[in-house]
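K.L.:
Okay, handing you the structure first.
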Amino acid sequence: MSQTAKQLKRVKLYSGARKTARATASIYPGTGRIRINGIPLELWQPEAARLHIMAPVMIVGDLRSKFDIDVSVSGGGFMGQADAVAMAISRAYVDQVKSSEIRNMLNAYNKYLLSGDPRQTEPKKFGGPGPRRRRQKSYR
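Set out below in structure tokens:
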């Protein structure tokens, strides 16, 4: 049995979502490589999104070098995608280690890394350009 076939047996999938962005992370034993849509995390742009994604990786510390993570993400904007990817990576690390210490550290940093952020955009209503604003009337 080849090395890749052994790795494929132990692959687990974890999901993350933010607004309309959806991310799925697959984690398997490796050397610490993280790829998002085939692009290494270190090359992901823009930098603000990359730093947001790096947060759970930095929190877990040396645990990163034990696992490879491949993430596929679609939908939403770049920060929504970054939130979804960070959530999927956090969930993957917590489930693989099964340590309450890692879970507590991630929750202390940002409570939405594991549970998700339920806020959504409000739909547009009639009579105006957005969900709340209305056209002004002038009686003079």
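If you read the sequence shown in the working numbering, its first letter stands for residue 1, the second for the next number, and so on.
Positions of the beta carbon are idealized from the N, C-alpha and C atoms, including for glycine.
(1) Classify Ser-90 as helix, strand or coil using the three-state DSSP reduction.
(2) Going by CA-CA distance only, name the one from Pro-56, Leu-43, Leu-51, Ile-36 that's closest to Val-73.
(3) Using CA atoms only, rank isn't needed, just tell me which of Lys-19, Ser-15, Tyr-14, Lys-12 is closest to Pro-123.
(4) Is the beta carbon of Ala-108 less than 8 Å from the beta carbon of Ala-86?
(5) Report buried or exposed for Leu-106, applying the criterion of at least 16 other Cβ atoms within 10 angstroms of its Cβ.
(6) Using CA coordinates, which residue listed in Pro-118, Asn-110, Gly-61, Pro-129 is at the minimum distance from His-52?
(7) In angstroms with no decimal places, state the Cα-to-Cα distance between Gly-75 and Trp-44.
(8) What separation, rounded to the nearest whole angstrom, lies between the Cα atoms of Ile-59 and Glu-47?
(9) Counting beta carbon pairs with one atom in the stretch 23 to 41 and one in the stretch 86 to 102, are three or more of them shorter than 8 Å?
(10) Should Asp-68 and Arg-33 be called a contact, given that it needs their Cβ atoms to be closer than 8 Å?
(11) Could you give the DSSP three-state label for Arg-103: helix, strand or coil?
P.N.:
Taking the definition as stated:
(1) helix
(2) Considering only alpha carbons, the answer is Ile-36.
(3) Lys-19
(4) no
(5) So Leu-106 ends up on the buried side.
(6) Asn-110
(7) 16 Å
(8) Between Ile-59 and Glu-47, the C-alpha separation is close to 18 Å.
(9) yes
(10) yes
(11) helix
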